[in-house]
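These notes concern the structure reproduced below.
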Amino acid sequence: YGPNSWRWNGGMKGRKGSLDEGGLRVPCFIRWPGQIRAGLRVSQIAAAIDLMPTFTEMAGIAGPTRKPLDGKSLKPLLLQESAEWPDRMMFTMQNRQATVRTQRFRLDAAGQLFDMQADPGQTRNAASEHPETASRLQKALDAWTREMLALTGGPDTRPYPAGYARNTMLPARDGVPQGGIQRSSIHPNCSYFKNWTSKSDAMTWDIETARAGQYEAILYYACPSASVGATIELSFLDARLQARISEAHDPPLIGAAQDRAPRTESYVKDFAPLSLGRIRLEKGRGLLTLRALEIPGKEAAEVRGLVLKLAA
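As numbered in this note's numbering, the sequence shown has no gaps in its residue numbers, which increase by one up to the final residue, 326.
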């Protein structure tokens with residue numbers, strides 16, 4: 015989805031996170047020896063929503079049918095079964111702003127129309143030259159936006175599934191810090207929880223377990239020697255599990271020494287696994303909560319995440 019800063023981007027406008035071509039266009043490589051001709055280049059526009067319809071049709075299996083899919087199977091293009099491919103509209107939304115792309119045009123969130131074949135860098139608004147196209151795309155974009163906001167306009171309250179596979183990973187990225195606990199960055203990916211200094215602090219994960227049973231809880235942590243000794247408790251519904259952090263693990267940050275400028279993304283470090291023991295989780299939804307009962311040092315620990323391992 016484009017570079018993460020303003021720099022050369024193949025002549026395309028925008029960067030990662032933007033709704034311009036340079037923030038949305040990415041390459042897609044598919045290899046299927048004996049089926050897809052090597053070196054084939056597909057010029058028609060496509061998107062990630064097309065992958066599932068494509069692969070299910072190629073595999074000869076039925077796709078999900080509970081809800082309509084906007085994606086289309088790319089099998090005719092990849093296997094060169096047909097030269098006919100109708101023009102289509104590809105919609106994208108980011109922070110309640112939306113854009114639509116056809117094979118030739120892109121209409122941005124401000125209503126500007128760009129001819130992507132004649133002007134791939136989006137330097138000139140062509141709405142006055144193609145008023146009918148601009149009007150048609152604007153109406154389609156408005157209708158799609160209303161439909162999407164009606165479906166996704168509120169907060170996402172879905173729980174994180176647990177127990178479907180033997181191991182369920184619950185990174186700090188998907189948890190919620192309570193009290194004085196902080197994330198290592200405003201960007202959640204690869205972040206960890208820090209500043210766990212009070213017994214009133216907690217970190218929670220909204221989960222829904224698919225199978226009741228005994229789960230081994232494994233904490234990925236960092237802790238300097240001066241903070242060793244914290245007693246922590248993991249709870250879910252009526253179940254509770256206590257453990258003590260008895261070994262120091264204080265690895266350095268990775269990458270900080272090589273940076274030429276401060277980064278806003280989180281630095282990473284090698285967190286150590288600590289088995290907290292086994293806890294019985296009942297089937298259902300609830301808050302998985304990690305808190306400290308005793309903090310003899312400055313803080314309990316830094317936490318990268320939890321793994322719930324279903325006992326055999």
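Ideal placement from N, C-alpha and C gives every residue a C-beta, glycine not left out. None of these values were measured; they are calculated from a predicted model.
Excluding five sequence neighbours on each side, which residues of the same chain lie with their C-beta closer than 7 Å to the C-beta of residue i?
| i | result |
| --- | --- |
| Gly25 | Pro134, Gly135 |
| Pro173 | Asp220, Ile221, Glu222, Arg299 |
| Phe69 | none |
| Arg328 | What is shown of the chain runs 15 to 326, which leaves residue 328 out entirely. |
With C-beta atoms as the reference, is residue i less than 8 Å away from residue j?
| i | j | result |
| --- | --- | --- |
| Val114 | Leu151 | yes |
| Arg294 | Ala253 | yes |
| Leu93 | Ile50 | yes |
| Leu38 | Thr147 | no |
| Lys27 | Asn18 | no |
| Ser198 | Lys208 | yes |
| Thr75 | Met104 | The sequence shown places Ile at residue 75, rather than the Thr named in the question. No, the pair does not count as a contact, with Cβ atoms beyond the cut-off. |
| Asp156 | Leu33 | no |
| Gly194 | Thr218 | no |
| Leu233 | Leu320 | yes |
| Leu184 | Leu91 | no |
| Ala315 | Ala236 | yes |
| Tyr229 | Arg274 | no |
Return yes when the C-beta of residue i is under 7 Å from any heavy atom of the ligand MG, and no when it is not.
| i | result |
| --- | --- |
| Ala325 | The ligand MG is not part of this structure, which contains no ligands at all. |
Going by DSSP, what residue range makes up the beta strand (DSSP E) through residue i?
| i | result |
| --- | --- |
| Gln108 | 104 to 108 |
| Trp219 | 216 to 223 |
| Gly227 | 227 to 236 |
| Met130 | Taken as a continuous stretch (DSSP letters only), Met130 belongs to no beta strand (DSSP E), as it is neither H nor E. |
| Ala286 | 286 to 295 |
| Ala179 | Per DSSP, Ala179 belongs to no beta strand (DSSP E) and is neither H nor E. |
| Arg138 | Careful: Arg138 lies outside any beta strand (DSSP E) and carries neither H nor E. |
| Lys312 | That residue, Lys312, is in no beta strand (DSSP E); it is neither H nor E in DSSP. |
| Leu121 | 119 to 121 |
| Pro191 | 190 to 192 |
| Gln94 | Run containing Gln94: none; DSSP gives neither H nor E here. |
Look at the alpha carbon of residue i and the alpha carbon of residue j, and state the distance between them as a whole number of angstroms.
| i | j | result |
| --- | --- | --- |
| Arg305 | Thr159 | 41 Å |
| Arg21 | Glu35 | 14 Å |
| Ala164 | Pro287 | 42 Å |
| Arg335 | Trp99 | Beyond the ends of the chain as shown, which are 15 and 326, falls residue 335; an answer cannot be given. |
| Gly227 | Thr166 | 33 Å |
| Pro175 | Asp101 | 38 Å |
| Asp129 | Gly269 | 42 Å |
| Asn139 | Pro238 | 58 Å |
| Ala97 | Glu143 | 30 Å |
| Ala112 | Ala186 | 30 Å |
| Gln256 | Lys153 | 58 Å |
| Arg318 | Arg80 | 36 Å |
| Met327 | Ser87 | The requested residue 327 is not part of the displayed model; the chain covers only 15 to 326. |
| Glu95 | Ala231 | 51 Å |
| Ser289 | Gln272 | 33 Å |
| Glu308 | Lys89 | 59 Å |
| Pro169 | Ser205 | 22 Å |
| Ala124 | Thr116 | 17 Å |
| Thr278 | Cys42 | 29 Å |
| Val56 | Ile44 | 11 Å |
| Leu267 | Gln196 | 17 Å |
| Gly85 | Glu161 | 16 Å |
| Trp46 | Phe285 | 39 Å |
Once the 5 residues before and after residue i are set aside, which same chain residues still bring their CB inside 8 Å of it?
| i | result |
| --- | --- |
| Ala240 | Gly311, Lys312 |
| Leu83 | Ile63, Met66, Pro67, Gly77 |
| Gly243 | Arg258, Ile259, Ser260, Glu308, Pro310, Gly311 |
| Ala224 | Pro175, Ala176, Gly177, Tyr178, Lys297 |
Going along the chain, which residues of its own chain have a beta-carbon closer than 6 Å to the beta-carbon of residue i, five neighbours each way excluded?
| i | result |
| --- | --- |
| Ala216 | Gln192, Thr303, Arg305 |
| Pro202 | Arg187 |
| Ser249 | Thr303 |
| Arg120 | Phe128, Met130 |
Please list the terminal residues of the continuous alpha helix (DSSP H) segment that includes residue i.
| i | result |
| --- | --- |
| Arg374 | Here the chain has residues from 15 to 326 only, and residue 374 is not among them. |
Subject >> Ranges of the beta strand (DSSP E) found wholly within the region 244 to 293, counting only runs of at least 3 >> reply: Listed in chain order, the complete beta strand (DSSP E) runs (minimum 3 residues) inside the region 244 to 293 are 245 to 250, 253 to 258.
Subject >> alpha helix (DSSP H) runs contained entirely in the region 18 to 88, provided each spans 4 or more residues >> reply: You should have 35 to 38, 65 to 73.
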